[in-house]
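Going by the working numbering, the sequence shown opens with residue 1298, and the numbers climb by one from there.
Take a look at the structure below.
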Amino acid sequence: CEIMERAEICYSALPQHDVADQDCVQADVDMGPEGWIVTVSGRSPVTVEGFLAAIRTLNHELLHSLMLRCQNFFYVHAGVVAIGGEALILPGLSRAGKSTLVLALLQQGAEFLSDELLVFDPDNKVLLPFPRAVKVRDECLGYFPDLAQSFVGEGEGRFLRPGGLAGLQIASEATAAHIAAPRWQAG
1298 CEIMERAEIC YSALPQHDVA DQDCVQADVD MGPEGWIVTV SGRSPVTVEG FLAAIRTLNH
1358 ELLHSLMLRC QNFFYVHAGV VAIGGEALIL PGLSRAGKST LVLALLQQGA EFLSDELLVF
1418 DPDNKVLLPF PRAVKVRDEC LGYFPDLAQS FVGEGEGRFL RPGGLAGLQI ASEATAAHIA
1478 APRWQAG
């Protein structure tokens, strides 16, 4: 279905595993009598109304399932980019401007770790990549006119297609070095 196609676009840069792998996170989205049913391994099925709500729920459930499977790491809701192996961490609530700032920094040559989730490996004291496709909401599209054709979806479900940003480099790891808390305001 289109929702699963959108999820594939969103998570295509993450390491892929054989579906027979027992540690692999599996997901399914079906239309039921009361709405979209989102099922992700390790989580209870969730029923929601509306296409965009199903995309948002699938993303939420996938993130939680992954975090539950990798409890040896610490997670923070943040965008993260690296320059010269040093990470700039952009923590914040939804709509703070994390993804917008991450995308702007990527256009300037920063390396990508994530626009959504800081992953800290305490054993090695490094940040690890979680390169989900960058999400950009309607009100921020105007900042990226040259990328307009590279997005798929709309609103909460709009992501930059894989390969949509020429020269994108994904960092293999980075050292936490700087923190800036973005706060976006319309206008």
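Built from N, CA and C at the ideal position, the CB exists for glycine as well.
C-alpha gap between Phe1409 and Ala1375, whole angstroms: As the crow flies, the alpha-carbon of Phe1409 is around 12 Å from that of Ala1375.
What is the DSSP secondary structure of Val1316, counted as helix, strand or coil? Reliability of the predicted coordinates at Val1316 is poor, the pLDDT of 45 falling under 50, and the value obtained from them is presented with this limitation in mind. When secondary structure is reduced to three states using DSSP, Val1316 falls in the coil class, being assigned neither helix nor strand.
DSSP three-state call for Gly1452: helix, strand or coil? It is helical.
Give the single residue among Tyr1308, Val1449, Glu1451 and Trp1333 whose Cα lies nearest to the Cα of Val1322. Minimum Cα-Cα distance from Val1322 among the listed residues Tyr1308, Val1449, Glu1451 and Trp1333 corresponds to Tyr1308.
How would you label Arg1476, buried or exposed, when you count the other beta carbons within 10 angstroms and need 16 or more for buried? The sequence given here places Ile at residue 1476; Arg does not occur at that position. Result: exposed.
Tell me whether Asp1435 is buried or exposed, calling it buried when 16 or more other Cβ atoms sit within 10 Å of its Cβ. That one is exposed.
Segment contact flag, the stretch 1331-1343 with the stretch 1376-1392, C-beta cutoff 8 Å, min 3 pairs: Taking a cut-off of 8 Å for Cβ pairs, the stretch 1331-1343 and the stretch 1376-1392 do not touch, as fewer than three such pairs fall below it.
Would you check if the distance between the CB atom of Leu1424 and the CB atom of Ala1474 is smaller than 7 Å? With contacts defined by Cβ atoms closer than 7 Å, Leu1424 and Ala1474 do not form a contacting pair.
Would you say Lys1432 and Phe1456 are within 7 Å of each other, going by their C-beta atoms? Contact flag set, yes.
Under 8 Å, with one C-beta from each stretch per pair, do the stretch 1324-1336 and the stretch 1347-1364 reach the 3-pair mark? Yes: at least three Cβ pairs fall under 8 Å.
Please determine, among Glu1453, Arg1480, Pro1330 and Leu1400, the residue with the shortest C-alpha to C-alpha distance to Ala1304. Selected option, being the one with the closest Cα: Glu1453.
CB Thr1344 to CB Glu1331, shorter than 7 Å? By the CB criterion at 7 Å, Thr1344 and Glu1331 fall inside the cutoff.
Would DSSP call Glu1383 helix, strand or coil? Looking at Glu1383 - three-state DSSP - the assignment turns out to be strand.
Length at least 4, wholly inside the stretch 1342-1369: the alpha helix (DSSP H) runs in chain order: Counting only runs of 4 or more residues that sit fully inside the stretch 1342-1369, the alpha helix (DSSP H) segments are 1348-1366, in chain order.
Kindly indicate the opening and closing residues of the beta strand (DSSP E) around Ala1324. In the DSSP assignment, Ala1324 falls within the beta strand (DSSP E) that extends over Ala1324 to Gly1329.
Measuring alpha carbon to alpha carbon, tell me which residue in Ala1483, Asp1443 and Gly1382 is nearest Ser1469. Of the listed residues, the one whose Cα sits closest to Ser1469 is Gly1382.
Starting from Leu1247, trace the beta strand (DSSP E) in both directions and tell me its first and last residue. Missing from the structure shown is residue 1247; the chain here goes from 1298 to 1484 and no further.
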